Every structure is written in C-alpha cells, then in structure tokens.
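Enquirer: Per the numbering used here, numbering of the sequence shown is gapless, rising by one per residue and ending at 272.
Ideal placement from N, C-alpha and C gives every residue a C-beta, glycine not left out.
Since we're looking at a predicted model, the values are computed, not measured.
Just passing along the structure, written as structure tokens.
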Amino acid sequence: GLVVRCVVADLAEPEAPGRVVEACQQVFADSMEHVLLVNNAASLGDVSRYTRTFTTRAEVDSYMSLNISSCLCLTACVLQAFPQRPGVQRTVVNVSSLCAQQPFSSWVLYCTAKAARDMMFRVLAAEEPELRVLSYAPGSGPLDTDMFSAARATTADPGLRRTFSDMSAQGRVLTPEQSCSKLMELLLEDTYQSGAHVDFYD
Numbered sequence: 071g072l073v074v075r076c077v078v079a080d081l082a083e084p085e086a087p088g089r090v091v092e093a094c095q096q097v098f099a100d101s102m103e104h105v106l107l108v109n110n111a112a113s114l115g116d117v118s119r120y121t122r123t124f125t126t127r128a129e130v131d132s133y134m135s136l137n138i139s140s141c142l143c144l145t146a147c148v149l150q151a152f153p154q155r156p157g158v159q160r161t162v163v164n165v166s167s168l169c170a171q172q173p174f175s176s177w178v179l180y181c182t183a184k185a186a187r188d189m190m191f192r193v194l195a196a197e198e199p200e201l202r203v204l205s206y207a208p209g210s211g212p213l214d215t216d217m218f219s220a221a222r223a224t225t226a227d228p229g230l231r232r233t234f235s236d237m238s239a240q241g242r243v244l245t246p247e248q249s250c251s252k253l254m255e256l257l258l259e260d261t262y263q264s265g266a267h268v269d270f271y272d
C-alpha cells in the first residue's frame with residue numbers, strides 16, 4: 071500500500087538535510103523502486119531593494135545558505151542514502167525559474183540563487199549519467215501563490231511591479247495545479263535531456 075511520512079524540517083538548519091533523509095530511510099530503504107527528490111524549498115528574499123544596498127555579509131550568507139547550500143546538501147544526502155542499484159530509478163528535480171536565465175531588477179538574491187542552482191544540477195547530470203536530472207521552470211513568470219502576492223507588493227523596480235500587476239489582472243498567472251500537471255507529464259514521458267532547464271511552455 072501507499073505509505074506517507076511527513077517530516078517537518080527547517081532546511082536553514084545545518085542538520086536538517088540529514089534528518090530528512092534518515093526519516094526516509096527508516097520507512098522506504100528496502101522497498102524503493104523510484105527515488106524522486108523535488109528541490110522546491112526556497113525563499114524570495116528581499117526584493118524591495120537594489121543590488122547596491124546589500125552590504126551586510128551575514129544577510130546575504132543567510133539567504134544563500136537556505137537557497138543554495140541546503141539544496142546541495144540535501145541532494146547529496148539523498149544520493150548517498152539511496153545509491154544507484156539494479157531495479158531502482160533515481161530522479162532529481164530542481165524547481166527553477168525564468169530568473170535563473172534572465173535578470174529581474176531588484177531581485178538580485180533570488181536570481182543569483184536560481185542561476186546557481188541550475189548550474190549545480192547541470193554539474194550533477196554530468197557527474198552522474200545514470201541519474202535523471204531536471205531543472206523545471208513553472209512558466210515564464212510567477213505562480214499564483216503567496217510568494218507572487220509578496221512580489222507584487224514589495225518589488226522595488228516599478229516596471230517589474232507593474233508587469234506583475236498586469237499579469238494578475240489579465241489572468242496570465244499559472245496556478246500551482248497547472249504547473250504540477252506539466253511537471254508530472256515531463257517526468258512520466260522522461261524524454262528531457264538530463265540536466266536541462268525546461269520551462270512550462272517548452
């Protein structure tokens with residue numbers, strides 16, 4: 071039958087990735103047929119300011135720790151805990167963004183982290199050819215989530231803020247359900263190039 075185990079962890083804490091994987095091993099280690107890791111833990115960061123204002127190292131380090139370091143460490147922990155073996159498929163998904171490829175004014179933290187994560191998973195795909203790796207961008211813009219609401223309200227760049235408002239007013243914002251359906255389609259078809267960045271509209 072289906073086994074669901076919820077593990078609550080703050081990935082900003084250094085020991086969190088190991089704790090998550092340990093809990094998974096206790097339940098699934100002997101029965102895994104497909105190991106699927108979806109890296110979606112991330113934060114928007116402070117988009118109310120421009121690059122020139124980020125002079126505090128601790129603030130930047132804290133953001134990068136959650137959005138880059140924890141992602142790398144969690145992925146590495148999963149790959150070590152569930153190594154390649156006959157009969158087991160392994161897939162790693164990086165939830166990416168248009169911001170990984172295009173600059174958004176006043177989004178320096180978010181764009182930097184998304185670009186770094188895309189490269190991280192391209193390297194992983196090159197290192198582990200038997201592993202399926204996908205960087206999936208849910209549409210050429212934000213999803214209809216609390217993060218999008220925060221972005222519309224706090225983005226410093228007036229042109230970008232206006233674009234978000236227009237997208238919302240015109241109904242051009244995807245729902246999480248639409249985005250997830252596309253991701254499931256990509257995973258089931260399994261024809262993407264490992265390590266590739268694939269957008270919802272590709």
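Among residues of its own chain, excluding the 5 on either side of LEU106, which ones have a beta-carbon nearer than 6 Å to its beta-carbon?
Expert: THR161
Enquirer: Using 10 angstroms around the beta-carbon of HIS104, count the other beta-carbons present and answer buried if the total reaches 16, otherwise exposed.
Expert: exposed
Enquirer: Kindly indicate which three-state DSSP category VAL203 falls into: helix, strand or coil?
Expert: Three-state DSSP puts VAL203 in a strand.
Enquirer: Can you grab the Cα-Cα spacing for the pair LEU204 / THR225, in whole Å?
Expert: 29 Å
Enquirer: Can you name the residues that DSSP bridges to ALA146?
Expert: None, per the DSSP bridge assignment.
Enquirer: Helix, strand or coil: which one does DSSP assign to ARG192?
Expert: helix
Enquirer: Taking C-beta to C-beta, are VAL90 and ALA82 nearer than 8 Å?
Expert: no
Enquirer: Could you check how far apart the C-beta atoms of SER176 and TYR120 are, in whole angstroms? I think they sit under 8 Å.
Expert: Confirmed, about 5 Å.
Enquirer: With a CB to CB cut of under 7 Å and the five nearest residues on each side skipped, what residues in its chain are close to LEU114?
Expert: TYR180, MET217, ALA220, ALA221
Enquirer: Quick one: measure Cβ to Cβ for ASN110 and ALA183, integer angstroms, because I've assumed they're closer than 8 Å.
Expert: With a Cβ gap of about 13 Å, ASN110 and ALA183 do not count as contacting.
Enquirer: State the DSSP-derived secondary structure class of ASP269, mapped to helix, strand or coil.
Expert: strand
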